[in-house]
Amino acid sequence: MSQPDEYEGEKVPRLVRRMPLSYEITLLLVILREALEEFDVQNTDNRKLFVTNEDLKDRIELFFEDKADKVKLLSRFDTYINSVENLGFIKQVDVRSFDENVKTYEVKRIIKAKINNEKLEEIKAKMSGKI
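With positions in the sequence shown counted from 1, the corresponding number in this note's numbering is that position plus 82.
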């Protein structure tokens with residue numbers, strides 16, 4: 083994800099603070115972006131996509147075959163979710179559940195502006211070398 087530093091020879095002010103993202107957070111953003119794309123194709127009635135931390139955990143686990151990597155990922159999963167929430171791509175919503183450990187999040191549409199289809203493919207190509 084990038085913003086040009088200059089436009090027609092002039093410095094451009096930063097819209098978003100520039101900061102490198104970890105592999106796990108980038109992967110989580112890709113998963114959220116793809117989930118939003120699937121949602122838009124399948125649902126014409128609803129405008130908001132809601133996901134649970136359990137749904138995200140199930141999706142991200144598929145990318146980690148090594149048991150040690152999976153254990154490390156799951157132990158820090160809430161930290162990764164909080165980072166994505168702090169970036170403004172998801173927002174926790176209050177939904178009553180039988181399991182108090184299950185949290186529901188609204189996926190913010192700003193993720194489509196930050197990660198367009200071209201950028202999504204570029205990120206996936208870079209990540210395919212790591213998987």
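Backbone N, C-alpha and C define an ideal beta-carbon position, used for all residues, glycine too.
Around the Cβ of Arg178, a 10 Å sphere holds fewer than 16 other Cβ atoms; the residue is exposed. Apart from sequence neighbours up to five positions away, no residue of its chain approaches Asp151 with a beta-carbon distance below 7 Å. In the structure shown, the three-state DSSP call for Glu188 is strand.
For Val133, the uninterrupted beta strand (DSSP E) run begins and ends at 131-134, by DSSP.
According to the DSSP assignment, Val153 belongs to the alpha helix (DSSP H) that extends over 149-157.
In this structure Leu111 does not touch Ile142 by the C-beta definition: roughly 11 Å separates them, more than the 8 Å allowed. The shortest CA-to-CA distance from Glu136 to any of Asp181, Arg115, Asp176, Glu106 is the one to Asp181. In the displayed model, Val175 falls within a strand according to three-state DSSP. Per DSSP, Asp181 lies in no alpha helix (DSSP H) segment and is marked neither H nor E. Put simply, of Lys130, Thr134, Asp176 the residue whose alpha carbon is nearest the alpha carbon of Phe159 is Thr134. Thr126 carries a coil assignment under DSSP once its states are collapsed to helix, strand and coil.
According to the DSSP assignment, Ile205 belongs to the alpha helix (DSSP H) that extends over 199-210. Between Lys185 and the set Ala195, Gln174, Leu202, the nearest pair of CA atoms involves Gln174.
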